[in-house]
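Residue numbers (mature numbering (1 follows the signal peptide of the UniProt record, and there is no 0)): -19 to -1, 1 to 85.
Think of the CB as a built atom: it goes at the ideal place given N, C-alpha and C, for glycine as much as any other residue.
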Amino acid sequence: MWAAVSVIVLIYLLQELLCPGKKKRLPPGPRGLPFLGHLHLLEKNPHQDLYHLAQKHGPIMGLRFGFVPAVVVSSPAGAELVLKTHDLVFANRPRSEASKIYMV
């Protein structure tokens, strides 16, 4: 069991060290855990947990849900900034394999 955990931690550390350019710059937010990201911060009522995180870290914060990065905007002014002013920047998403197969 410890060997499997050691191998997983080693792979994670090598990935972090060897791929520094792969990281995207997210807005500041709470500190996350490896592999889980910020999932441990969300409990039974995630909307209340996100409200409390926004009170502590600001109206625009970066979170990671597992390996998926996310930007959480919790103020009307921030939402307008993201949805109207910088909509083209936030509208692009990487294409998934399912969409590639479906579009053929």
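For the alpha helix (DSSP H) containing P40, list its first residue and its last residue.
Unbroken run through P40: none, as it is neither H nor E.
Confirm, please, whether the CB-CB distance from L(-10) to H19 is below 9 angstroms.
Contact flag unset, no.
Determine the contact status of L31 and S56, defining contact as a CB-CB distance below 9 angstroms.
Not a contact, by the Cβ cut-off of 9 angstroms.
Go through its chain and collect everything with a Cβ distance to H21's Cβ below 7 angstroms, but skip five positions before and after it.
So the list reads L14, once near-sequence residues are dropped.
Considering only their Cβ atoms, is the gap separating F71 from V49 smaller than 9 angstroms?
No.
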